[in-house]
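J.:
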Amino acid sequence: MDTETPAFHTDISRTELDSAPEPRGADLAGDISRTELDGVPEPMGADLAGDIPRTALDSEVRPPSLDVPPAGLGEEIRPFRVDIPQADLDDLRDRLARTRWPDELTGVGWSYGVPLDRLKEMAEYWRTAYDWRRHEARLNEFPQFTTTIDGQNVHFLHVRSPEPDALPLILTHGWPGSVVEFLELIGPLTDPRAYGGDPADAFHVVVPSIPGYGFSGPTAATGWGVSRIARAWAELMRRLGYERYGAQGGDWGARISPELARVDPVHLAGLHLNGFLAFPSGDPAEVEALTEAERARLANISGWAGERSGYAQIQSTRPQTLAYALADSPVGQLAWNLEWFDGYGQDVGTIGRDAILTNVALYWLTGTAGSSARLYKEGAASWGRQVELSPVPTGMAVFAGDSTIRSFAAREHTITHWSEFDRGGHFAALREPDLLVGDVREFFRGVR
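Going by UniProt numbering, the first residue of the sequence shown is number 1, and it counts up by one from there.
This is the structure we're talking about:
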């Protein structure tokens, strides 16, 4: 590994970058010293592939359509460290202080969007009390890297377990989330012994930022839909030397991860999903067979489509138009993301203010509001698309407020594990990390 290769140049301010041709998220981490690399687990500091044979990895079952250079060419994995320029943080606070607030109708609650008092409270906390540097330091506690796959910069966390027989596991976030969703899961998943668990449940954890999101953004070309991202994930796991691995994801991660079962089934041991959404097929008998609880979930799907899907309609049709507003207003970015984090006012559990703002700040500070929205434009064609049944063993966790219906999901997945919880909501990794960790462990015991 070339430790002299700089990753993100941190002495450049946001203002200067706005006029530069390089993407905002291209390389934000400054030079990494050998001392810092010594803190990375040995397989990461020395040979990323470890001692895993590469024979199977180079077989023809790997995704043939991914444009990847031959082994040894263009596969550099570069150390990465988050270090946002102070000028960008000062600019953020200045913009928050100068927010031009709209009016609001009285007594409408969440029915017209985020309530004004809720947004003002969050914005003031962001401006006066939230400490980005503390959360930046938290991110930097984990080994991070970037690599270029199919012409796109990909940022990822990679934390190896101290347990030699750990199963590699790639975790994929969604929108409006980020890798921050998984920070509290990494310790229990990689080192269960230290958290009172069984060391046999250990994982080597890989957490990539979706292309277009955060430090994997912006995207440089069209075409980055779920299938292309899955092929990039398969290539990432190959570069890391993992011959057999599992996948977990929620929201967009619950769409991207299943694609791994189609583009890389030979190497995928199992698939665990939460927040998975499947629509009715159109067969009346399918709906007639639903239980009362499932009918309530179907009504929730209809409610989402009718009242809460405006963000998806805009992002899947006019992401560039939206980008102009969000790239210029941190309060606009906060409002756009907050609806989902607050669950549209539904009582499904809370997410701490700092967790919400760290996710929002990653969009703002990397300037990726528009490029993250492009995933909806690229992925819209796959919504409701009928796909072949995946043979890969699949576990599904349904948390409070989720709309996952087993018979709908079973059209696409070989479901071998099903769990339902009375709390957690859409962002289970943030609201109930212990429940999600426990369910992931339970499912993968059967497929290791």
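Ideal Cβ positions, reconstructed from N, Cα and C, are used throughout, including at glycine.
Locate the beta strand (DSSP E) running through residue 203, then write down its first and last residues.
T.: Start and end: 203-208.
J.: Closest to residue 162 by CA distance: which of 147, 148, 189 and 177 is it?
T.: Looking at the Cα atoms, 189 is the closest of the given residues.
J.: Would you mind sorting residue 165 into buried or exposed? The rule is 16 or more other CB atoms within 10 Å of its CB.
T.: Under this definition residue 165 is an exposed residue.
J.: Out of curiosity, what's the CA-to-CA distance linking residue 442 and residue 397?
T.: Straight-line Cα distance between these residues: approximately 11 angstroms.
J.: Just reading off the beta strand (DSSP E) that residue 168 is part of, what are its end residues?
T.: Its beta strand (DSSP E) spans residues 167-172.
J.: Check for me: the alpha helix (DSSP H) holding residue 228 runs from which residue to which?
T.: Where residue 228 is concerned, the enclosing alpha helix (DSSP H) stretches over 226-239.
J.: When DSSP labels each residue in this structure, what does residue 379 get in the three-state scheme?
T.: Note: residue 379 maps to helix in three-state DSSP.
J.: Look at the Cβ atom of residue 253, then the Cβ atom of residue 343, and state whether they are nearer than 7 angstroms.
T.: In this structure, residue 343 does not lie closer than 7 angstroms to residue 253 by Cβ.
J.: Out of 79, 437, 117 and 376, state which residue places its alpha-carbon closest to the alpha-carbon of residue 419.
T.: Here the closest residue by C-alpha is 437.
J.: Which residues does DSSP list as the beta-bridge partners of residue 271?
T.: DSSP lists 247 and 394 as partners of residue 271.
J.: Which two residues bound the contiguous beta strand (DSSP E) that contains residue 135?
T.: Residue 135 -> not in any beta strand (DSSP E); alpha helix (DSSP H) instead, spanning 132-139.
J.: Starting from residue 442, trace the alpha helix (DSSP H) both ways and give me its first and last residue.
T.: From DSSP, the alpha helix (DSSP H) with residue 442 extends over 433-445.
J.: Would DSSP call residue 182 helix, strand or coil?
T.: It is helical.
J.: Quick test of the definition: if touching needs 3 or more C-beta pairs under 8 angstroms, does the region 244-264 touch the region 375-394?
T.: Taking 8 angstroms as the limit for Cβ pairs, the verdict is that the region 375-394 does touch the region 244-264.
J.: Would you please state the rounded distance, in angstroms, between the beta carbons of residue 279 and residue 301? I believe it to be under 8 angstroms.
T.: The pair is a contact, with the Cβ atoms about 7 angstroms apart (cut-off 8 angstroms).
J.: Spatial neighbours of residue 416 within its chain, please: C-beta separation below 6 angstroms, excluding the five flanking residues on both sides.
T.: Contacts found: 393.
J.: In terms of alpha-carbon separation, which member of 403, 326 and 408 lies closest to residue 284?
T.: When only C-alpha atoms are compared, the closest one is 408.
J.: Verify whether the separation of the beta carbon atoms of residue 370 and residue 323 is less than 7 angstroms.
T.: A contact, by the Cβ cut-off of 7 angstroms.
J.: Taking C-beta to C-beta, are residue 193 and residue 140 nearer than 7 angstroms?
T.: Not closer than 7 angstroms, so no.
J.: Any idea what DSSP makes of residue 483, helix, strand or coil?
T.: No information on residue 483 is available, as it lies outside the stretch 1 to 448 that the chain covers here.
J.: Could you tell me if residue 101 is buried or exposed, where buried requires 16 or more neighbouring beta carbons within 10 angstroms of its beta carbon?
T.: With fewer than 16 other Cβ atoms within 10 Å, it is exposed.
J.: Do residue 267 and residue 231 have their C-beta atoms closer together than 7 angstroms?
T.: Cβ atoms of residue 267 and residue 231: not closer than 7 angstroms.
J.: In chain order, which alpha helix (DSSP H) runs of at least 4 residues are fully inside the region 274-333?
T.: The region 274-333 contains these whole alpha helix (DSSP H) runs: 284-288, 292-303, 310-317 and 319-326.
J.: Have a look at residue 434 and residue 185 and give me their C-alpha separation to the nearest angstrom.
T.: Each residue's alpha carbon lies about 8 angstroms from the other.
J.: Are the beta-carbon atoms belonging to residue 368 and residue 218 less than 7 angstroms from one another?
T.: In contact: residue 368 and residue 218 (Cβ atoms closer than 7 angstroms).
J.: Taking only three categories from DSSP, how would you classify residue 80?
T.: Residue state, collapsed to three classes: strand.
J.: From the DSSP output, read off the bridge partner residues of residue 149.
T.: In DSSP, residue 149 forms a bridge with 152.
J.: How would you write the range of the alpha helix (DSSP H) that residue 407 sits in, first residue to last?
T.: From DSSP, the alpha helix (DSSP H) with residue 407 extends over 406-409.
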